[in-house]
Each structure stands twice: as C-alpha cells, then as structure tokens.
Amino acid sequence: MFEARLLKSSILKKVLEAIKDLLTQATFDCDDNGIQLQAMDNSHVALVSLLLRADGFDKYRCDRNVTMGMNLGSMTKILKCAGDKDTVTMKAQDNADTVTFVFESPNQEKVSDYEMKLMNLDLEHLGIPETEYSCTIRMPSAEFARMCRDLSQFGESIVISCTKEGVKFSTSGDIGSANIKLAQTASIDKEDEAVIIEMDEPVTLTFACQYLNYFTKATSLSPQVQLSMSADVPLVVEYRIPDIGHIRYYLAPKIEE
Amino acid sequence: MSQTTLTKFYNTR
Chain A
119 MFEARLLKSS
129 ILKKVLEAIK
139 DLLTQATFDC
149 DDNGIQLQAM
159 DNSHVALVSL
169 LLRADGFDKY
179 RCDRNVTMGM
189 NLGSMTKILK
199 CAGDKDTVTM
209 KAQDNADTVT
219 FVFESPNQEK
229 VSDYEMKLMN
239 LDLEHLGIPE
249 TEYSCTIRMP
259 SAEFARMCRD
269 LSQFGESIVI
279 SCTKEGVKFS
289 TSGDIGSANI
299 KLAQTASIDK
309 EDEAVIIEMD
319 EPVTLTFACQ
329 YLNYFTKATS
339 LSPQVQLSMS
349 ADVPLVVEYR
359 IPDIGHIRYY
369 LAPKIEE
Chain B
31 MSQTTLTKFY
41 NTR
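Protein sequence lines, in the order shown, are assigned to chains A and B.
Under the working numbering, the first residue of the first sequence is numbered 119, with each subsequent residue one higher.
Under the working numbering, the first residue of the second sequence is numbered 31, with each subsequent residue one higher.
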C-alpha cells in the first residue's frame with residue numbers, strides 16, 4: 119500500500135508545471151524515504167531529478183517500493199481539477215496498475231477522486247556521481263527567470279561566465295548582442311534576495327536558451343535558484359522546495375565543433 | 031556550436 123498526503127495540492131501542481139514541458143511521461147519511484155523521479159527529455163539534452171521527502175508529507179506510507187509510470191499530460195489534467203487549497207492524497211495498492219488522486223476541500227465538504235491508469239515505462243536512468251563544482255551561483259529565482267527570458271529574445275544560446283568579479287550571462291544573434299552582469303550582493307540582509315557566488319576556478323559554458331526557459335517553470339517552487347558549473351560538464355540548476363525536497367535540472371553544454 | 035547530450039557525460043544504469 120502506498121499513500122501520500124499533502125495539505126496543499128499547490129505543491130504538486132507546481133511540480134508538474136515545472137516538468138511537463140520537458141517530459142511527456144515519467145516514473146515516480148516511491149519508497150520509505152519518499153518519492154523520486156529521474157527522467158531525460160526526448161533528445162537526452164536535459165534531465166529532471168525530483169525528490170519529495172517522506173517527512174515533507176502530512177501523511178506518508180509506503181509498505182513496499184512502488185514504481186508508478188505516469189503520463190504527465192493526464193496527470194496535469196487531473197491536478198487541474200484540484201483547488202489550490204485542497205489537500206491531495208495519492209494512493210496505490212501494491213503492484214497496482216492504477217493510481218488514485220483524492221482531493222478534499224478545506225472544510226471537507228467536497229471530496230473528489232480520480233483514478234489514472236499507470237504505464238509500464240522502460241526509461242533510461244543515468245548514474246550521476248556526487249560532484250564538486252568549480253562555481254556555484256545562488257540568486258533569486260525570479261531574477262534568473264527574467265534574465266533567461268530577456269536574453270532569449272536575442273539568441274538561441276546563453277554563455278554563462280563565472281569569474282571572481284561576478285557572473286556574466288551573454289547572448290548574440292541577428293539583431294545584436296546582450297550581456298547581463300551580476301555581482302555578489304554586498305551585504306546580505308534578506309537571503310532570498312541575495313546573489314552569492316562561490317568560485318574555485320573560473321568557468322565559461324554555453325547552453326541552449328530554450329532549455330533554461332523550461333527550467334524556469336519551477337520558479338514558483340522556490341525563491342532562490344542555484345546554478346552549479348564546472349568546465350566541460352553539464353550545468354545543474356537546483357530549486358529547493360521548502361520543507362519537502364528539491365527539483366534539479368541537468369543540462370548538457372554546447373561545445374565548439 | 032553543437033549541442034551535446036547527457037549520455038556523453040553520464041553512464042546509463
């Protein structure tokens with residue numbers, strides 16, 4: 119028996135919003151520790167890694183490991199049926215071929231349940247080693263979303279260059295070029311609004327705008343975003359979801375031919 | 031510039 123209850127359905131709605139442009143289907147792996155999802159987009163350029171810890175749920179029970187392959191389009195349709203203030207409970211029997219979503223209004227006057235067929239997905243998993251990155255940049259997630267949106271008007275790629283002076287985001291295309299430089303916040307009063315740069319070695323990497331814009335769909339999950347970079351390895355864009363876990367995106371760089 | 035894929039960097043399990 120698997121059962122996971124969240125007081126606010128909005129978290130699950132936002133998580134789905136944050137992955138559904140990259141993935142059409144994904145496997146939710148549930149065990150004692152919580153719910154995990156790892157999936158690449160069709161082109162294998164980007165990967166989503168989601169963790170929702172058991173202790174972040176209001177109720178969590180998982181007697182046996184459960185693997186639930188879900189069509190994310192169908193799941194999105196179902197979650198649209200939940201009010202933002204509804205509680206949501208996901209339930210599945212052991213070895214079941216369906217999952218049930220139960221939505222309850224705050225006063226318990228409306229209770230709805232939606233059963234969805236599960237899929238048998240045979241998806242590739244990547245083994246991602248623990249990595250020490252040369253640069254980590256933390257900044258307000260809304261600022262990152264704004265930059266990606268602004269720069270993607272000019273070109274298809276963004277060059278991210280991190281040095282001890284700060285971090286620079288650049289692009290160029292038919293109409294011209296654009297650069298945004300961010301320096302570390304001088305005095306940190308409000309941590310959520312700070313730009314914090316840790317750099318062991320300078321790194322410059324190039325990434326496709328389109329994917330960065332997909333990642334920013336997670337903006338409402340977290341006030342801050344962390345970018346981790348090392349030379350010649352994928353970028354990690356992490357949004358910490360308060361009290362429950364994180365969503366991380368990995369993006370393969372563009373390289374000189 | 032050419033786009034790489036993640037399988038260039040990480041092994042599949």
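Glycine included, each C-beta is placed from N, C-alpha and C at the ideal position.
Annotation note: the segment 206-276 of chain A contains the following uninterrupted beta strand (DSSP E) runs of length 3 or greater, listed N- to C-terminal: 216-222, 229-235 and 253-258. Within the DSSP bridge table, the entry for A:E121 names A:R179 and A:K209 as partners. In the structure shown, the three-state DSSP call for B:N41 is strand. Just measuring C-alpha positions, the residue of A:I365, A:A370 and A:V321 sitting nearest A:L170 is A:I365. In terms of Cβ geometry, A:P258 and A:F325 do not form a close pair [threshold 8 Å]. Under the 8 Å Cβ criterion, the segment 300-318 of chain A does not count as touching the segment 227-245 of chain A, having fewer than three qualifying pairs. Using a Cβ-Cβ cut-off of 8 Å, A:E375 is close to M31 and S32 of chain B, given in chain order. Listed along chain B are M31, each with a C-beta nearer than 8 Å to that of A:T324. Within chain B, Y40, N41 and R43 have C-beta atoms less than 7 Å from the C-beta of A:G245, given in sequence order.
Cα atoms of A:S346 and A:D318: separation of roughly 12 Å, rounded to the nearest angstrom.
Judged by DSSP secondary structure, A:G191 falls within the alpha helix (DSSP H) whose first and last residues are L190 to L197.
Among the CB atoms of chain B, one or more fall inside 8 Å of the CB of A:K372. Spanning the alpha carbons of A:I306 and A:T218 requires a straight line of approximately 45 Å. The three-state secondary structure of A:L155, taken from DSSP, is strand. A Cβ-Cβ separation of about 42 Å leaves A:G291 out of contact with A:G174 under the 8 Å criterion.
Assignment of A:T303 by DSSP, reduced to helix, strand and coil, places it in the coil class. Restricting attention to A:P341, A:P352 and A:G201, the CA atom closest to the CA of A:L330 is found in A:P352. Counting only runs of 3 or more residues that sit fully inside the segment 311-361 of chain A, the beta strand (DSSP E) segments are 314-317, 321-326, 342-347 and 353-359, in chain order.
When DSSP states are grouped into helix, strand and coil, A:L169 belongs to the strand group.
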